[in-house]
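The working numbering numbers the first residue of the sequence shown as 58 and each following residue consecutively. Ideal placement from N, C-alpha and C gives every residue a C-beta, glycine not left out. Fair warning: this is a prediction, and the values are worked out from it, not measured in the lab. Report on the structure given below.
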Amino acid sequence: MRILVTGGAGFVGSHLCDALLAEGHTVVCADNLLTGSRNNIAHLAREPHFEFREQDVCRPFDVGKLDYIFHFASPASPVDYLEHAIETLQVGSLGTMNCLELAKIHGAKFLLASTSECYGDPLEHPQKETYWGHVNPIGPRSVYDEAKRFAEAVTMAYHRYHKVDTHIVRIFNTYGPRLQLNDGRVISNFMKQALAGEELTVYGDGSQTRSFCYVSDEVAGILALAKSEEHEPTNIGNPGEFTILQCAKVVLEVTGSQSRIRNEPLPQDDPKQRRPDIAKARRLLGWEPKIDLRTGLTMSLDYFREAVKASGAGA
Ligand SMILES: NC(=O)c1ccc[n+]([C@@H]2O[C@H](COP(=O)([O-])OP(=O)(O)OC[C@H]3O[C@@H](n4cnc5c(N)ncnc54)[C@H](O)[C@@H]3O)[C@@H](O)[C@H]2O)c1
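Okay, here's the thing in structure tokens:
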């Protein structure tokens, strides 16, 4: 197949490009490098079935005949979407509509990278796909949450009204090599601080929970969903739940760091609990994650060591 990956120079998108190339497809990666990096795809420079196009997908564009579109373009970490608030709303709305138009024109299948943030600060735990969420529509995080909720709505509309073969994955916290070091997410923060010998910052008392999915598990789930007949949103994440404090301790253990933990006030609208219910993915796709947090962090250690060295942190 000839496949377009938007946001393919980002963290998850670049791993997806690798996996699609490994399956023998031709991949066109469209990315405006807003939060992504050429470094993430540098290893593909001489790959004959890979093409990079520097492209803002909020502007109408065409890359020729396509069989599949994976729409992953969007700032994703709180640091990035708070800094690029309007761009986040644009790529979730205009960008998604442009990509759906391309899918319609070329008769291509379409998969939207959505997010667990659609559940907001959830009142139901763990979160099933049938839960409609508890989202503050005007809070600071709304630029991301509501953009993705709109993206889901317009994807379903193209499916219903234009018969585009669409899929929606709700990605839960994913980590691994190529995660941006300074994106403010729990794993990158802790790994950076631990490896640089700085204190680990825990917001609040650290009793809020998160679940973390290693990137190869996430991509395997996304590919299984892409090949399925399922059109409604499907959670792909790791249901292993950790308090932030437990997570900090695993990071200290894996890195062998002597760093101490420092508590800071909780940011506004910070979700207290996040854990995917993956019963639907297990049932429909026969998928479940294989890599636990300790193993995944160990597999990411070399990348984070290099990234910390390159950043000069702790030097
Ligand atoms: N990483 C996670 O834990 C996670 C969780 C939930 C959802 N997601 C979703 O997965 C997708 C990828 O996330 P990520 O963690 O890899 O983030 P990322 O920031 O590393 O990647 C996003 C990519 O999109 C590109 N981009 C942004 N706006 C663009 C535009 N207008 N045109 C073209 N390219 C644009 C960026 O330059 C970047 O390369 C996002 O849609 C995100 O919402 C990720």
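Residue state for Val311 is assigned as helix, using DSSP reduced to three classes. At a cut-off of 3 residues, the continuous stretches assigned as beta strand (DSSP E) that sit fully inside the stretch 234-298 are 257-260, 266-268 and 291-293. With respect to the C-alpha of Lys166, the residue from Ile225, Val148 and Lys185 having the closest C-alpha is Ile225. When Asp349, Pro333 and Pro296 are compared, the shortest CA-CA separation from Gly177 is found for Pro333. The criterion of a C-beta distance shorter than 8 angstroms is not satisfied by Glu209 and Pro132. Judged by the Cβ position, Cys115 qualifies as a neighbour of ligand 1 at the 7 angstroms threshold, a heavy atom of the ligand being closer than this.
Counted as a single uninterrupted DSSP element, the alpha helix (DSSP H) harbouring Asp202 occupies residues Ser199 to His219.
Trp189 counts as exposed, since fewer than 16 other C-beta atoms from the protein chains shown sit within 10 angstroms of its C-beta.
In its chain, beyond the 5 residues on either side, Asp334 have a beta carbon closer than 7 angstroms to the beta carbon of Lys185. Relative to ligand 1, Leu91 has its C-beta within less than 7 angstroms of a heavy atom.
Exclusion of Pro296 from the 7 angstroms shell around ligand 1 follows from its C-beta lying no nearer than that to any non-hydrogen atom of the ligand. Under a 10 Å Cβ-count criterion, Thr187 is classified as exposed, with fewer than 16 other Cβ atoms of the shown protein chains found around its own Cβ.
Relative to ligand 1, the nearest heavy atom lies less than 7 angstroms away from the CB of Thr63. Comparing C-alpha distances from Phe207 to each of Lys347, Val136, Asp75 and Leu146 shows the shortest one belongs to Leu146. Relative to Glu111, the option among Ala79, Asp88, Thr258 and Glu104 whose CA is nearest is Asp88. The alpha-carbon of Asp222 is positioned some 29 angstroms away from that of Phe269. Assignment of beta-bridge partners to Ser171 by DSSP yields Arg227. In the three-state DSSP reduction, His106 falls in the coil class, being neither helix nor strand.
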